[in-house]
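K.L.:
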Amino acid sequence: MSFISQSAVRCSRSIRNMNRIKHVFQRPPRQLSSILSKQVLLHNEEDDVSYTRSFSSNVKHKDERFGNPNYENDPTVGICKKIAFIGSGKMAEALISPLVSTNLQPSDQISVYDVSCAAMKNMNSKYGISSTSSIAECIDNADLIVCAVKPQNCELVFSEIKKCMTHKITYDTDDANERLKKEVVVRPDATLLSIVAGKPIKSFRSSGIFRIVRSMPNTPATIGKGVTVWTCTSNICTNTQDKIKTILSTFGKAIYVDDESFIDMATSISGSGPAYIFMLMEAMIDAGVHMGFNREVATTLTYHTLLGSTLYAMETGEHPAILRNSVTSPSGTTASALYELEDGKFRVVIKDAIWACYRRGLEMGGADSNVGPRRQQPLIITPPVYAAPVGEIVDENNIGTPPNANAAEDAVNVTPAGSK
Numbered sequence: 003m004s005f006i007s008q009s010a011v012r013c014s015r016s017i018r019n020m021n022r023i024k025h026v027f028q029r030p031p032r033q034l035s036s037i038l039s040k041q042v043l044l045h046n047e048e049d050d051v052s053y054t055r056s057f058s059s060n061v062k063h064k065d066e067r068f069g070n071p072n073y074e075n076d077p078t079v080g081i082c083k084k085i086a087f088i089g090s091g092k093m094a095e096a097l098i099s100p101l102v103s104t105n106l107q108p109s110d111q112i113s114v115y116d117v118s119c120a121a122m123k124n125m126n127s128k129y130g131i132s133s134t135s136s137i138a139e140c141i142d143n144a145d146l147i148v149c150a151v152k153p154q155n156c157e158l159v160f161s162e163i164k165k166c167m168t169h170k171i172t173y174d175t176d177d178a179n180e181r182l183k184k185e186v187v188v189r190p191d192a193t194l195l196s197i198v199a200g201k202p203i204k205s206f207r208s209s210g211i212f213r214i215v216r217s218m219p220n221t222p223a224t225i226g227k228g229v230t231v232w233t234c235t236s237n238i239c240t241n242t243q244d245k246i247k248t249i250l251s252t253f254g255k256a257i258y259v260d261d262e263s264f265i266d267m268a269t270s271i272s273g274s275g276p277a278y279i280f281m282l283m284e285a286m287i288d289a290g291v292h293m294g295f296n297r298e299v300a301t302t303l304t305y306h307t308l309l310g311s312t313l314y315a316m317e318t319g320e321h322p323a324i325l326r327n328s329v330t331s332p333s334g335t336t337a338s339a340l341y342e343l344e345d346g347k348f349r350v351v352i353k354d355a356i357w358a359c360y361r362r363g364l365e366m367g368g369a370d371s372n373v374g375p376r377r378q379q380p381l382i383i384t385p386p387v388y389a390a391p392v393g394e395i396v397d398e399n400n401i402g403t404p405p406n407a408n409a410a411e412d413a414v415n416v417t418p419a420g421s422k
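In the numbering used here, each residue carries its 1-based index in the sequence shown increased by 2.
1. If you draw a straight line from the C-alpha of residue 59 to the C-alpha of residue 80, how long is it?
2. Go ahead and label residue 140 buried or exposed: buried means 16 or more other beta carbons lie within 10 angstroms of its beta carbon, across all protein chains shown.
3. If we ignore side chains and look at the alpha-carbon of each, how far apart do residue 266 and residue 183 end up?
4. Alpha carbon to alpha carbon, how far is residue 124 from residue 83? Give it in angstroms, no decimals.
5. Taking DSSP as the reference, what is the three-state secondary structure of residue 264?
6. Could you have a look at residue 119 and say whether DSSP puts it in helix, strand or coil?
7. Residues in its own chain within less than 6 angstroms of residue 57 by CB, not counting five upstream and five downstream?
8. Going by DSSP in three states, residue 199 sits in which element: helix, strand or coil?
9. If contacts are defined as beta-carbon pairs under 8 angstroms, then residue 331 and residue 337 qualify, I think. What distance do you get, rounded to the angstrom?
10. Rounded to whole angstroms, what is the Cα-Cα separation between residue 249 and residue 185?
11. Within this structure, are the beta carbons of residue 202 and residue 368 separated by less than 9 angstroms?
12. Give me, in chain order, the residues of the same chain whose beta-carbon lies closer than 6 angstroms to that of residue 290; leave out the 5 immediate sequence neighbours on both sides.
13. Is it buried or exposed for residue 158, if we count other Cβ within 10 angstroms and need 16 for buried?
14. Return the CA-CA distance between residue 121 and residue 90, expressed in angstroms with no decimal places.
15. Looking only at its chain, what residues have a beta carbon closer than 7 angstroms to the beta carbon of residue 340, apart from the 5 residues adjacent to it on each side?
16. According to the Cβ coordinates, are residue 116 and residue 88 closer than 9 angstroms?
17. For residue 257 versus residue 230, is the C-beta distance shorter than 9 angstroms?
18. In whole angstroms, what separates the C-alpha of residue 348 from that of residue 374?
19. With DSSP run on the structure shown, which of helix, strand or coil describes residue 158?
20. Name the DSSP bridge partner or partners of residue 174?
21. Is residue 135 helix, strand or coil by DSSP?
22. How would you write the range of the alpha helix (DSSP H) that residue 326 sits in, first residue to last?
23. Rounding to the nearest angstrom, what Cα-Cα distance links residue 312 and residue 298 in this structure?
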């Protein structure tokens, strides 16, 4: 090829490249500098495929999108390539809803499988996500798999995932009005996110996936006001951890812990905690009705008292004991009420309930639940071993028996010398 022809090819390629990146200069300075920093790399690309791959890694990088508030939201780009939900209960929907509504993940890049066809149809109509006919179809090519089933159904889910990795599994798909068989692909970099209570990380390894995140959300997450405690295996990189935190933050507050044992502890406080609060609400409302309020007024008084007290404690940052004392006047009405609570061992009952919840969580995970107050550790009784004095001959077949222990019995069987 002549020098003129080579120059013409380079010129043509440069024009094509400029047409591709002309919209880039509308980006914020941070992203623009990121792209221009690889200018040499772009000019040295020999084919359009390599160029496009390098270019897309700068323009549509997920971390740039969610790390920079000035980034123009692109509804076609998700935080993950595909998120698969196994189970479509309340907690799954609580996670799907903000993902779609905030454009964190496009609806066509979310799939769901549930044994209930009606539940999947409802999710499809509300959020436009893809409903699937099997677990295999649901997890196909997903880089994040969310396990949102009952604890007793986990083993079945794990076996289905494992089967997709060890066998050639196919499912029917429509492509250009033609029905085709598509082979399921389980990505080697797939991450399994659990929102199942009581299931430790080690139990998820039977799925064949070893990048595992265990989390414990609570029911207020369904309105984005929950708190989720989570941890993960050490083979998950910081980039993926940031994505997981972003996803779990759609529940409300996300707290990372580096020790899995804290997940079971959090289950007893934040996971089951709303049930304790709801029972307290119920008791306060019933007491109000008993005194003469209609149920609507009693309910409103109770709800706003608990809500205002929580917000007040968070705003002031004071210890609850200080806030309680500020409400309690000497020989007053509050002091009388607190006396009854203390006399009824209110604190002890709450603490015992939390410990009972914690123990049950350990039992569900196959761990030792003999922990906490009023739980005795098992006694290990070691039988005494006889230590023979120096010079004494010890019968090895009768170690542990003091000498002459059977002397009286032996004397009965001894016949004096010379007797008949």
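Here a beta-carbon is modelled for each residue, glycine too, at the ideal position from N, C-alpha and C.
P.N.:
So, to answer that:
1. Its pLDDT being 33, under 50, residue 59 is placed unreliably in this model, and the coordinates cannot settle the point.
2. By the 10 Å Cβ count, residue 140 comes out buried.
3. 43 angstroms
4. Rounded to whole angstroms, residue 83 to residue 124 spans 23 angstroms at the Cα level.
5. helix
6. Under the three-state reduction of DSSP, residue 119 is assigned to helix.
7. With a pLDDT of 30 at residue 57, under the threshold of 50, the modelled position of this residue cannot be trusted, and the question is left open.
8. coil
9. 7 angstroms
10. 28 angstroms
11. In contact: residue 202 and residue 368 (Cβ atoms closer than 9 angstroms).
12. Exclusion of the five residues before and after residue 290 leaves 300 as the residues of its chain whose Cβ lies within less than 6 angstroms of its Cβ.
13. exposed
14. 7 angstroms
15. 330
16. In contact: residue 116 and residue 88 (Cβ atoms closer than 9 angstroms).
17. Yes; because the gap between Cβ atoms is below 9 angstroms, this pair is in contact.
18. 18 angstroms
19. helix
20. 183
21. coil
22. Counting along the chain, the alpha helix (DSSP H) containing residue 326 begins and ends at 322 to 329.
23. 21 angstroms
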